[in-house]
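So the sequence lines, in the order shown, correspond to chains A and B.
The first sequence lines up with residues 1 to 229 when you count with our numbering.
The second sequence lines up with residues 1001 to 1722 when you count with our numbering.
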Amino acid sequence: MSTLDEKATEVMDDDSAHAKGANESGASGYIILFFIIGFAASMVLGWVAFPKLLYSQKQQPFSFNHAMHVAEVNNGCESCHFFRDDGSFSGIPKLAQCTGCHDETMGESEAEATFVEQYVWEEREVPWYSYSRQPDCVFFSHAAHVVGAKMDCVTCHGHIGESESSRPYEYNRITGYSRDIWGKNIAGLKKNSWDRMKMDDCAQCHKEAGIVHTSSVQTKRDACFVCHK
Amino acid sequence: MKVDRRSFLSFVIGGAAGTALSPLPWKLMDDSSIWSQMWPWTPVPPDGEVVYEDSTCSLCPGGCGITVRKIDNRAVKIEGKPGHPVNDGGICILGLSGLQMLYGPTRIKAPMKRMGERGAGKWQKISWDEALGMLTEKLTAIREREEAHTVAAIAGSDQGTVPALLARFMAAFGSPNFIRTPSYQDTDELAVGTLFGEAGRTGFDLENADYILSFGSGIADGWGSPVRMIKACSLWKEKRVPVVQVDPRLSNSAAKATRWVPITPGTEADLALGIAAVMIAKNLVGSGAVSGLGGIKNTLLTDYAPEKVSLSTGVSVEAIVEIAKDFARANRPLALCGRGKAQSPESLRETAAVYLLNGLTGNVNQEGGMWAIAPADYIQWPEVARDKAASAGLRQPRFDGAGSGQYANARHLLQRLPDGLNGNGPYPIQVLMVADANPCHSLHDAAAFKAALDKIPFIVSFSSFNDETAAMADLLLPDHVYLERYADVPVAAGLPSQTIGLSKPVVSPQFNTRHLGETLINLAQAVGGSVAESFPWKNYETCLQETLADKWDVLMQKGVWVDDDFATAGSSLQMAALDTPAVEIEGDAGTFPLLLMPYDSIRISSGYIGDTPFMIKTVADTVIKGKDGFVEINPQTAGEMGLSEGDLATLTTPRGEAPVRVHLFEGIKPGVIAMAKGLGHTAYDGFLADKGINVNELIGPVEDPSSGLDAAWGIRAKLAKA
């Protein structure tokens, strides 16, 4: 370890520079080592610690079993996530839709008890966290995609319909948005179409489907205002 | 191992390389740009199901049908209801911004009792039971002492079941003192009663008229039903209907008219009679519509010859004759009066003169003419039960003197209240209840009214808003706002039909407020005895439904009930004499060389409802700038006084003094100055309070000698450079 004395010597005595020169080959090893240490530490920080720091977790009010509900209903996802008469998409169901069946406790699960006692009887809407909510600057129409382009739910939402419990809701501490928008992979890599929902992902699909999307004269692709109203 | 500078630098470089190859900087950059583009504190309304609820707006007497766009249970936009007989899809700036009344910061959110000094704004929230208990206790004690007449109520209207319930409560309780705030309705009722011999109001078939002669009526400034009027203005433009605006000031209505006739303020009656005289002299009078014309013919021809009228009004003889000929030769001419928004009583002389013009056309109760309409009679409740206390109280004279002696023609004389309270009244007032009214701001000499309230030991306000009068109360029993409640909205406002709209709850009550009708029913039941007997309804909704009877289903379905085949209030206009005295103006011309007139703007709400934050932002900075209010003055007059645009000046009238800024305006007669009504609030919220001057504090009431109604239309004033 360097000391104050050594530093003082370094300044005062030119000869000591020669002595240092003699040690150079040994020091270059340290230099590489420190480079590696610095490199490794920042990689660990960036790839492992940073995502943990960036994202916070919240538990849903209670666990929801999609798989079981899908088995009970007749119309798949649309039984609960339906289009309203005006064409707008209902999104997460309101309490009123659930109470048709759940006016009394059904089954014995803890989640069911929580739901009925704390929400149905209290007539309180369940404050679900939405995994897929886009930023406020994005206009997204389910009707255009599901009804118009005949896309299925899985393309964007994955196999959520087969989930048996609600995973924790992870949100970005800086932006406040759900982690699903950037994607689980911190590098932003994706294997499936539903892994990420950033603008590039919209753009990619719009480019591939690009026959009818030519609202921008300049780019012959969709113009900004198609999504950013 | 030795860590020297090179090793350290190497560590840092390694760290930098590693960081660059990790997602950290790229992800942070992305996140911070997202964050900076959408601040998390920017409010974003939640998404949800869009529904539309129809209702009726009752922020002004206009009675427009509205459609409220809702996202889930939150109202987000008010639109005019297409196809509605009053407004057919149109909406005014006040109606449009009504949601700021619902969700804005001026709401009184729960019943409260006063804690500190009166007017100090210190309140304590209490429960409805406690609040009603307090009031019941006071009222019961007064009744037991057989002093029921010492309770008074001020209401913004007497139309519809809610004001009728308040009037009924007063009658059942035993007080003759149900007092309606002054409006043009007072004069109109008086004029119809005098000229047609029956109770009623006027209606104007504006859409079918082919010549409009307006005596200062703000046809594009909020007169009558404002949206209907704006639509009528457009229709007249389209059909090339001549619109003549008689106005001392180039108001928006005058600017929109085909012809503007600047007139010496206060001489409108002379001009109307002068036009009548020309019509008679030139034999241009329609047949048989006016009886008793023979009796006044000679007086008209001699006293109101164009030359004489020209001298007093400042309108040229040629103009008078031309207007008279055009008016008479039109097929369906209409003359209108009621200055500005017609929110204040006017001189009976002027009103009768203008109605006489309509009579002379022979178009009374005809298409395109003026109609005399019998009062709406759908509220048919059994007589109130009167016990001893009620009978004793009702034998007492009214506190404001209306209906007897020299005031026999008047029904309500609120402006006489301060004088009465200051020792000239027949008895003291122990409890005052105020509903849908803000007399501490909207009454002439508002400061004197406010000061006189000191003499009343207990004041109850039912206001939904934190207005000037509520600020002076001891107990607040806040009503729902119009978007949260059921109410019938009978529309007069110059409509030539019997029209009733229905207000429906568009959203559930946002705060711990209670429907005024409900409060009154609860109160009556708590007072008990014959008062309770007079209120047999379980709740307000039952009362409303029973009262509307067969109209209820129509109203629930269509939102409006219209009867075009209504009863008229007499068919012929009788003009007995022309001796109705004029309304003089207060102040001596020597000390006060100028004439101050208030004017109405559609952008400034000046009654019980204050301006919304949205509306106040639309007011020009020649009306208010920052906190300063402006007075309009002709450049010639300003030049004589050494005033230029934007100068600070002190405006003095016999009633008060205020700092103002000067706005030079070619569109106002020399010697006349004008100020917008509805500003200078001290209550409400930061958007409205302390902006401009309340012109009502500078103008005192002036009683029309023929009725006692406060028909002040201005005051003498002086301006001095500050």
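Cβ atoms here follow ideal geometry from the backbone N, Cα and C, with glycine treated the same way.
Limits of the unbroken alpha helix (DSSP H) element including residue i
i: residue 1164 (chain B); result: 1161-1173
i: residue 1732 (chain B); result: Only positions 1001 to 1722 of chain B appear in the structure, and residue 1732 (chain B) is not among them; the question remains open.
i: residue 1488 (chain B); result: Unbroken run through residue 1488 (chain B) is the beta strand (DSSP E), 1487-1491; no alpha helix (DSSP H).
i: residue 182 (chain A); result: 179-182
i: residue 1185 (chain B); result: 1184-1196
i: residue 1614 (chain B); result: 1613-1616
According to DSSP, residues forming a beta bridge with residue i
i: residue 1325 (chain B); result: Answer is none; residue 1325 (chain B) lacks a bridge partner.
i: residue 169 (chain A); result: A:58
i: residue 1598 (chain B); result: B:1675
i: residue 1652 (chain B); result: B:1657, B:1718
i: residue 1263 (chain B); result: Partner(s): none; residue 1263 (chain B) has no beta bridge.
i: residue 239 (chain A); result: No answer is possible for residue 239 (chain A): the residues shown for chain A start at 1 and end at 229.
i: residue 1465 (chain B); result: B:1107
i: residue 1355 (chain B); result: In DSSP, residue 1355 (chain B) forms no bridge with anything.
i: residue 1080 (chain B); result: B:1066
i: residue 1586 (chain B); result: B:1715
i: residue 1475 (chain B); result: B:1113, B:1460
Under the three-state DSSP convention, the category residue i falls into
i: residue 1635 (chain B); result: helix
i: residue 1563 (chain B); result: strand
i: residue 209 (chain A); result: coil
i: residue 1542 (chain B); result: helix
i: residue 1071 (chain B); result: strand
i: residue 160 (chain A); result: helix
i: residue 1371 (chain B); result: strand
i: residue 1459 (chain B); result: strand
i: residue 52 (chain A); result: helix
i: residue 1629 (chain B); result: strand
i: residue 229 (chain A); result: coil
i: residue 1200 (chain B); result: coil
i: residue 1271 (chain B); result: helix
i: residue 1709 (chain B); result: coil
i: residue 1041 (chain B); result: coil
i: residue 218 (chain A); result: coil
i: residue 1535 (chain B); result: coil
i: residue 106 (chain A); result: coil
i: residue 230 (chain A); result: Nothing about residue 230 (chain A) can be reported from this structure: the residues present for chain A run from 1 to 229 only.
i: residue 1013 (chain B); result: helix
i: residue 1343 (chain B); result: coil
i: residue 1246 (chain B); result: strand
Endpoints, the beta strand (DSSP E) within which residue i is located
i: residue 1228 (chain B); result: Segment 1226-1239 is the alpha helix (DSSP H) holding residue 1228 (chain B); no beta strand (DSSP E) there.
i: residue 1527 (chain B); result: Per DSSP, residue 1527 (chain B) belongs to no beta strand (DSSP E); it is in the alpha helix (DSSP H), 1516-1527.
i: residue 1333 (chain B); result: 1333-1336
i: residue 1054 (chain B); result: 1050-1056
i: residue 1501 (chain B); result: 1498-1503
i: residue 119 (chain A); result: Looking at the DSSP string, residue 119 (chain A) is not in any beta strand (DSSP E), and its letter there is neither H nor E.
i: residue 1123 (chain B); result: 1123-1125
i: residue 1435 (chain B); result: 1431-1435
Q: Name, going along the chain, the residues of the segment 132-162 of chain A whose beta-carbon falls closer than 7 Å to a beta-carbon of chain B.
A: 135, 136, 137
Q. When Cβ atoms are compared, which residues of the segment 1017-1040 of chain B fall closer than 9 Å to chain A?
A. 1017, 1018, 1019, 1020, 1021, 1022, 1023, 1024, 1025, 1026, 1027, 1028, 1030, 1031, 1032, 1034, 1035, 1037, 1038, 1040
**Q.** Selection of the segment 1506-1539 of chain B by Cβ proximity to chain A, strictly under 8 Å
**A.** none
Q: Could you name the residues of the segment 1048-1073 of chain B whose beta carbon sits closer than 7 Å to any beta carbon of chain A, in the order they occur along the chain?
A: Residues passing the 7 Å Cβ filter: 1049, 1050.
Q | the segment 1002-1013 of chain B: positions lying closer than 9 Å to chain A by Cβ | A | Those would be 1002, 1003, 1004, 1005, 1006, 1007, 1008, 1009, 1010, 1011, 1012, 1013, in chain order.
Q.
Does the contact criterion of 3 or more C-beta pairs under 8 Å hold for the segment 142-153 of chain A versus the segment 56-63 of chain A?
A. no
**Q.** Validate contact between the segment 1079-1090 of chain B and the segment 1549-1567 of chain B using beta carbons, cut 8 Å, 3 pairs
**A.** yes
Q. Per the contact definition of three or more C-beta pairs closer than 8 Å, is the segment 1535-1551 of chain B in contact with the segment 1330-1349 of chain B?
A. no
Q) Any chance the segment 1156-1174 of chain B sits against the segment 1399-1409 of chain B, with 3 or more Cβ pairs inside 8 Å? A) no
Q. Using Cβ-Cβ distances below 7 Å, what residues of the segment 1249-1268 of chain B are close to chain D?
A. The chain inventory of the structure shown lacks chain D, comprising the protein chains A and B.
Q. Three or more beta-carbon pairs under 8 Å between the segment 1209-1216 of chain B and the segment 1469-1478 of chain B, yes or no?
A. These segments do not touch.
Q | Within 7 Å of chain A by C-beta, residues of the segment 1076-1088 of chain B in sequence order | A | none
Q.
Below 8 Å, how does it come out for the segment 1366-1381 of chain B and the segment 1291-1302 of chain B: are there three or more Cβ pairs, yes or no?
A. With contact defined as three or more Cβ pairs closer than 8 Å, the segment 1366-1381 of chain B and the segment 1291-1302 of chain B are not in contact.
**Q.** Where the segment 165-181 of chain A meets chain B: residues whose CB sits under 9 Å from a CB there
**A.** 172, 173, 174, 175, 176, 177
Q. Quick one: any contact between the segment 1183-1194 of chain B and the segment 1700-1710 of chain B, if contact means 3 or more CB pairs under 8 Å?
A. yes
Q: Mind checking the segment 90-119 of chain A against chain B and listing, in chain order, the residues whose C-beta falls within less than 9 Å of any C-beta there?
A: 90, 91, 94
(Q) So, does the segment 1196-1206 of chain B touch the segment 1366-1378 of chain B, judging by three or more C-beta pairs under 8 Å? (A) yes
Q) Okay, do the segment 1632-1645 of chain B and the segment 1686-1700 of chain B touch, 3+ Cβ pairs below 8 Å being the bar? A) no
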